[in-house]
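Trainee: Got a structure for you, written out below as structure tokens; questions coming shortly.
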Amino acid sequence: MKMRIVVLALASLLAGATSGVAEDYPARPITMVVPFSAGGPTDVVARILAEGMRASLGQTVIIENVTGAAGSIGVGRVARAAPDGYTVSIGHWSTHVINGAIYNLSYDLLTDLAPVSLLVANPQLIVANNKVPATDLKSLVEWIKANPDKVSAGTAGPGSASHIGGIYFQNFSHTNFLFVPYRGTGPAMQDLIAGQIQIMLDQSSNSLPQVRNKQIKAFAVTSKARLAVAPDIPTVDEVGMPGFYISVWHGLWVPKDTPKPIVEKLAAAARAALADPATRKRLTDLGQEILPLDQQNPAALGAFQKAEIEKWWPLIKAAHIKLD
Ligand code: ASP
Numbered sequence: 004m005k006m007r008i009v010v011l012a013l014a015s016l017l018a019g020a021t022s023g024v025a026e027d028y029p030a031r032p033i034t035m036v037v038p039f040s041a042g043g044p045t046d047v048v049a050r051i052l053a054e055g056m057r058a059s060l061g062q063t064v065i066i067e068n069v070t071g072a073a074g075s076i077g078v079g080r081v082a083r084a085a086p087d088g089y090t091v092s093i094g095h096w097s098t099h100v101i102n103g104a105i106y107n108l109s110y111d112l113l114t115d116l117a118p119v120s121l122l123v124a125n126p127q128l129i130v131a132n133n134k135v136p137a138t139d140l141k142s143l144v145e146w147i148k149a150n151p152d153k154v155s156a157g158t159a160g161p162g163s164a165s166h167i168g169g170i171y172f173q174n175f176s177h178t179n180f181l182f183v184p185y186r187g188t189g190p191a192m193q194d195l196i197a198g199q200i201q202i203m204l205d206q207s208s209n210s211l212p213q214v215r216n217k218q219i220k221a222f223a224v225t226s227k228a229r230l231a232v233a234p235d236i237p238t239v240d241e242v243g244m245p246g247f248y249i250s251v252w253h254g255l256w257v258p259k260d261t262p263k264p265i266v267e268k269l270a271a272a273a274r275a276a277l278a279d280p281a282t283r284k285r286l287t288d289l290g291q292e293i294l295p296l297d298q299q300n301p302a303a304l305g306a307f308q309k310a311e312i313e314k315w316w317p318l319i320k321a322a323h324i325k326l327d
């Protein structure tokens, strides 16, 4: 009986401690680790979201860019951080799914991180610098076939979304070209505009602003439907690459063992940000689709990430992607 009372007292003490922590949380700024360069697609989403989350959290969300190895270094930093809700990981399909199939990670994507929320998804655009003579996707493929040694594609590193998109494009179009790895597609975009590289399979959120400024050209969007905010860009189905769909979905994670009430607070802040009309507009203007409200929670992200790992790991492992 005595023992039971002690156990009960301990349990209520622990519950009180946890809820106390959550009540005070956040008491200082939160760091959101972006695993790619500043100015790229992940960074842009992170900065818009961080600003939107500040209102409900009452604290600043600081962005820290920890780059390298297709985002796996930045994600590792969060996996090893204290589980106190002050270090969060923003990432996507390639950082939190694909990387596990090609890198020998020092952390487990499913068990060393706890899911917070699904956020947004965007397709890629097939883009080229303005000096590339092609005027449509068909002539782009012909031009690449005629110039196999002169064409290089920028990527955010081996296994990144832009790299996987490029490999998929090569297989689909029976073309061959070089990949040039960067620490994110932000710097790759600068080189594309400058003409150092010729093409990219790049997320719409990174490419659309430069397409609108006519600094680069877009040949197709890798989705079933045209983007409402860029109706002039045809879909892959319309221009001879039927079914060449790529959607890069984003999510938010924290280190495992982060107290549940803190995870819930972060998820609620992400939901509030994604419900805010100004934040929504900034994201949708970049071609991002805001994922449905019923997916903006830890359980939905956890289930989806697991399903994506089951779907993609066999395909990626079979592709024997080289890390150099
Ligand atoms: N996540 C992007 C990609 O793999 C890169 C970036 O965010 O800079 O294409």
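In short: position in the sequence shown from 1, add 3, done, that's the numbering used here.
Backbone N, C-alpha and C fix where the C-beta goes; we use that ideal spot for every residue, glycine too.
Could you check if S165 belongs to the surroundings of the ligand ASP, using beta carbon to heavy atom distance under 7 Å?
Mentor: The answer is yes for S165.
Trainee: Just checking T188 against the ligand ASP - is the residue's beta carbon closer than 7 Å to any of the ligand's heavy atoms?
Mentor: For the ligand ASP, at least one heavy atom lies less than 7 Å from the Cβ of T188.
Trainee: Quick check: does the Cβ of A159 come within less than 7 Å of any heavy atom belonging to the ligand ASP?
Mentor: Yes; taking the cut-off as 7 Å, the Cβ of A159 has a heavy atom of the ligand ASP nearer than that.
Trainee: In chain order, what residues of the same chain lie with their CB nearer than 6 Å to the CB of A310, ignoring the 5 residues before and after it?
Mentor: Closer than 6 Å at the Cβ level, and outside the excluded window around A310, lies no residue.
Trainee: Quick check on D205: buried or exposed, where buried means 16 or more other Cβ atoms within 10 Å of its Cβ?
Mentor: Buried, because 16 or more other Cβ atoms sit within 10 Å of the Cβ of D205.
Trainee: Could you compute how far the alpha carbon of L128 sits from the alpha carbon of A84?
Mentor: About 35 Å.
Trainee: Please determine whether the Cβ atom of G43 lies at a distance below 7 Å from any heavy atom of the ligand ASP.
Mentor: Yes, since a heavy atom of the ligand ASP falls inside the 7 Å radius drawn around the Cβ of G43.
Trainee: May I have the straight-line CA-CA distance separating N133 from A197, to the nearest angstrom?
Mentor: Computed Cα separation, rounded: 9 Å.
Trainee: On the premise that V69 lies in contact with I33, defined as a C-beta separation below 8 Å, what is that separation, rounded to the nearest angstrom?
Mentor: Actually they are not in contact, since the Cβ atoms of I33 and V69 sit about 15 Å apart, beyond 8 Å.
Trainee: Let's see if you can read the secondary structure: which residues bound the alpha helix (DSSP H) around D240?
Mentor: From DSSP, D240 is part of no alpha helix (DSSP H); its letter is neither H nor E.
Trainee: Just to check, is the beta-carbon of S97 closer than 7 Å to a non-hydrogen atom of the ligand ASP?
Mentor: Yes, the beta carbon of S97 sits closer than 7 Å to at least one heavy atom of the ligand ASP.
Trainee: Answer with buried or exposed for T261, where buried requires no fewer than 16 other C-beta atoms within 10 angstroms of its C-beta.
Mentor: Classification for T261: buried.
Trainee: For H177, I'd like the list of residues in its chain whose CB is within less than 6 Å of its CB, leaving aside the five on either flank, ordered along the chain.
Mentor: Around H177: no qualifying Cβ.
Trainee: Below 8 Å between beta carbons: does that hold for A273 and Q308?
Mentor: Contact: no.
Trainee: Anyone know if the C-beta pair for L289 and V47 falls short of 8 Å?
Mentor: Yes. Within cutoff.
Trainee: Going by beta carbon distance, what residues of the same chain come within less than 8 Å of P57, once the five residues before and after it are set aside?
Mentor: Going by the sequence as given, residue 57 is Arg instead of Pro. Answer for R57: T63, V64, listed in chain order.
Trainee: Would you kindly work out how many angstroms separate the C-alpha atoms of S250 and P264, rounded to a whole number?
Mentor: Going by the C-alpha atoms only, they are around 31 Å apart.
Trainee: Of the choices P258, A302, R285, whose alpha-carbon is the least far from that of D111?
Mentor: Checking every option, the nearest Cα to that of D111 belongs to P258.
Trainee: Once the 5 residues before and after K227 are set aside, which same chain residues still bring their CB inside 6 Å of it?
Mentor: Result list for K227: empty, nothing under 6 Å.
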